Amino acid sequence: MTDIARIQDFQRHVGATMKVQGWIHNKRSSGKLQFLILRDGTGFAQAVVSKAALSEEAWVSLEKAGQESSVEITGLIKEDKRAPGGFEIDVKDATVIQSTHDFPITPKDHGTAFLMENRHLWLRSERQHAVIRIRHAVIKAFRDYLDDQGFTLVDTPIFTPAACEGTTTLFGVPYFDEGTAYLTQSGQLYNEANAAAHGKVYCFGPTFRAEKSKTRRHLTEFWMLEPEMAFAHLADAFEVAQNMICFAIQRVLATKKLELERLGRDLTRLEKVKAPFPWVHYDDAIKIIREKGSKTEWGSDFGGTDETVLAESFDQPIIVHRFPSAIKAFYMEPDPTDARYSLSADILAPEGYGEIVGGGERISDPDLLLKRLHDHGLPEEAFRWYIDLRKYGSMPHAGFGLGVERFVTWICGIDHLREAIAFPRMLYRIYP
RNA sequence: UCCUCAGUAGCUCAAUGGUAGAGCGUUCGGCUGUUAACCGAAAUGUUGUAGGUUCGAAUCCUACCUGGGGAGCCA
Numbered sequence: 038m039t040d041i042a043r044i045q046d047f048q049r050h051v052g053a054t055m056k057v058q059g060w061i062h063n064k065r066s067s068g069k070l071q072f073l074i075l076r077d078g079t080g081f082a083q084a085v086v087s088k089a090a091l092s093e094e095a096w097v098s099l100e101k102a103g104q105e106s107s108v109e110i111t112g113l114i115k116e117d118k119r120a121p122g123g124f125e126i127d128v129k130d131a132t133v134i135q136s137t138h139d140f141p142i143t144p145k146d147h148g149t150a151f152l153m154e155n156r157h158l159w160l161r162s163e164r165q166h167a168v169i170r171i172r173h174a175v176i177k178a179f180r181d182y183l184d185d186q187g188f189t190l191v192d193t194p195i196f197t198p199a200a201c202e203g204t205t206t207l208f209g210v211p212y213f214d215e216g217t218a219y220l221t222q223s224g225q226l227y228n229e230a231n232a233a234a235h236g237k238v239y240c241f242g243p244t245f246r247a248e249k250s251k252t253r254r255h256l257t258e259f260w261m262l263e264p265e266m267a268f269a270h271l272a273d274a275f276e277v278a279q280n281m282i283c284f285a286i287q288r289v290l291a292t293k294k295l296e297l298e299r300l301g302r303d304l305t306r307l308e309k310v311k312a313p314f315p316w317v318h319y320d321d322a323i324k325i326i327r328e329k330g331s332k333t334e335w336g337s338d339f340g341g342t343d344e345t346v347l348a349e350s351f352d353q354p355i356i357v358h359r360f361p362s363a364i365k366a367f368y369m370e371p372d373p374t375d376a377r378y379s380l381s382a383d384i385l386a387p388e389g390y391g392e393i394v395g396g397g398e399r400i401s402d403p404d405l406l407l408k409r410l411h412d413h414g415l416p417e418e419a420f421r422w423y424i425d426l427r428k429y430g431s432m433p434h435a436g437f438g439l440g441v442e443r444f445v446t447w448i449c450g451i452d453h454l455r456e457a458i459a460f461p462r463m464l465y466r467i468y469p
């Protein structure tokens, strides 16, 4: 039986006769010669079929097979400058597993609505394949980095009780006799309990926001990576964030260059990203965007355009820190030198990709935490467990959340979050 | 929720009040190195839905439906 070769490993198999299992991605034919673009999940490669080299039956079945027919191809793997990618397979035998026709996504132009309606098939295209592979590499890099730094993965629940941060709109689901449960908008509060048990932890999972946001930067379901560290301050958490981001970019540049090039990504923009990222005080950030024409007042959060303008003033991701306490969640530690500010920060990506990280230091004093709960009109009873964390061995602690799709969108240089996840969930789109 | 744009062949679009079309895809035929291959032929329509104006509506009007982009909100 012939060994199976993966297209991404063709270089290693030059000179060998092997089998490829995959699909016909595209085809050109020229009389007694057919050129197939095969894809096998690991990559794309050209197969050359000359009529004389295989049986009449195999030749005809390949000739009849349309785009996305599944096939098993056996042949000699060789290097050839004329082939896209530089390698090709000289076909000696072929079996068409399923001959198919009328695949909806042709190699020509399509509109967004049509492609989204056919997302389950669109995922096979070269661009989408590249994005999803980069996403995989990014997630693995994040996890490798944190694991190597002594973090423990402790996942947090997706069903949460009614009272949460009270800042965003939540999806409710019926939960037996307990009334309504809500899909999590952040694992952070639970992360704090886990950090007190394990020191350095992170959770990684889906997050849900029922906001009716309809922009290229929003999904109703997105994946968030949230590290949390005991005995750590704001600067410690953001050093981890910064180094983790640099590590992930280096990893993607090293292992997914082909995919980045296929996406037309300007690699120099990614190669430039180096620690340390500039720290920009909230006051200075407001000053910068107002000088450039923004109407945003001190004391409010930035709009999407503000983030773009601000990030464009720097060629690195920037760490905007010390947002006013009034616009941050109840658990943010106030700045000891000026209580109007909180020990919080966001990381804004360059090139207009906006906020990719948000985080800060959490209140460690139980009395202050109680006061903040009351100020925000939150029910103390629901947060009893959270207050306990401050009663039994409280310590300074900090963490952050990183939006995976926003990060991947930036790394890939694509213009919409919906391509950074296999099946995006958006306002007005839940099919397929 | 608001603003804005768009719905015509499988897809991308044209037709600006007077016979509903092109390119691509598909099917058939030709071509031994194609690169979005090329050449020839064929098939393909309830113009988003409902109503209205008109001798006549894809085209003008009203409502609704569906989707794209953006704002607010959020990450």
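The opening residue of the first sequence carries number 38 in the numbering used here; numbering runs sequentially from there. Every residue gets a Cβ at the ideal spot worked out from N, C-alpha and C, and that includes glycine. Since the structure is predicted, the reported quantities are computational estimates derived from the model, not experimental observations.
Own chain residues within Cβ distance below 6 Å of residue i, not counting five before or after
i	result
F268	M432
L405	none
W335	I323
K294	none
F437	A274, A278, V394 and G396
Neighbourhood of residue i by C-beta distance below 8 Å, restricted to the same chain and skipping five residues each side
i	result
I286	L307, V310 and I448
D402	R427 and S431
C283	V310, K311 and A312
T292	A174
N63	L73, I74, Q104 and P144
K115	V51, G52, F124, E125, I126 and D127
Q353	K309, V310, K311, F314, P315 and P387
F470	The structure shown does not extend to residue 470, since the chain is modelled only from 38 to 469, so the question has no answer here.
Delimiting residues of the beta strand (DSSP E) encompassing residue i
i	result
H358	I355 to H358
L439	H434 to G440
D130	F124 to Q135
V317	W316 to H318
I393	G391 to R399
E109	S107 to E116
S87	F81 to S87
S381	S381 to A386
Enclosing alpha helix (DSSP H) for residue i [first to last residue]
i	result
V57	Segment T54 to S67 is the beta strand (DSSP E) holding V57; no alpha helix (DSSP H) there.
A499	Absent from the model: residue 499. The displayed extent of the chain is 38 to 469, so no value can be given.
W335	From DSSP, W335 is part of no alpha helix (DSSP H); its letter is neither H nor E.
I32	The shown model of the chain, from 38 to 469, leaves out residue 32, and the question about it has no answer.
H21	With the chain covering only 38 through 469, there is no way to say anything about residue 21.
F275	L271 to T292
F72	No alpha helix (DSSP H) holds F72; the beta strand (DSSP E) holding it covers L70 to R76.
M153	T149 to E154
L220	Note, L220: premise wrong, no alpha helix (DSSP H); beta strand (DSSP E) at T217 to L220.
D181	E163 to D185
R427	R421 to K428
A95	E93 to K101
Three-state secondary structure assigned by DSSP to residue i
i	result
T305	helix
R327	helix
R253	coil
I195	coil
Y212	coil
E263	strand
D372	strand
K237	strand
F47	helix
F245	strand
Neighbourhood of residue i by C-beta, 7 Å cutoff - its chain only, sequence neighbours within 5 removed
i	result
G340	T333
Q165	W159 and E456
D343	I326, S331 and T333
R466	M153
Assumed close pair residue i, residue j - CB separation to whole angstroms, cut-off 8 Å
i	j	result
V133	A102	5 Å
E163	F81	6 Å
T79	Q45	4 Å
R239	F188	Correcting the residue identity first, residue 239 is Tyr in this sequence and not Arg. About 5 Å separates the two Cβ atoms, so the contact holds.
G440	M261	6 Å
V445	V210	Not confirmed; about 28 Å, so no contact.
V86	L75	In fact, because the Cβ distance is near 11 Å, the residues do not count as touching under 8 Å.
L271	H358	7 Å
D130	A95	6 Å
P469	L256	In fact, because the Cβ distance is near 15 Å, the residues do not count as touching under 8 Å.
A419	A274	With 8 Å as the limit, A419 and A274 do not qualify as a contact, their Cβ atoms being about 26 Å apart.
W60	S92	With a Cβ gap of about 21 Å, W60 and S92 do not count as contacting.
E229	R399	6 Å
T252	G224	Contact flag wrong, Cβ pair sits at about 24 Å.
I171	E296	5 Å
V394	I355	No, V394 and I355 are not in contact; Cβ-Cβ is about 11 Å, not under 8 Å.
Y227	Y319	Not a contact, Cβ separation roughly 28 Å.
Proximity test, residue i beta-carbon vs the ligand FAD heavy atom, cut-off 8 Å
i	result
D321	Looking for the ligand FAD in the displayed structure turns up nothing, as the structure carries no ligands at all.
- Message: Using 8 Å as the cut-off, can you tell me whether the segment 114-128 makes contact with the segment 154-164, which would need three or more C-beta pairs spanning the two stretches below that distance?
- Response: no
- Item | Cβ pair count under 8 Å reaching 3, the segment 372-385 against the segment 271-281 | Touching, yes.
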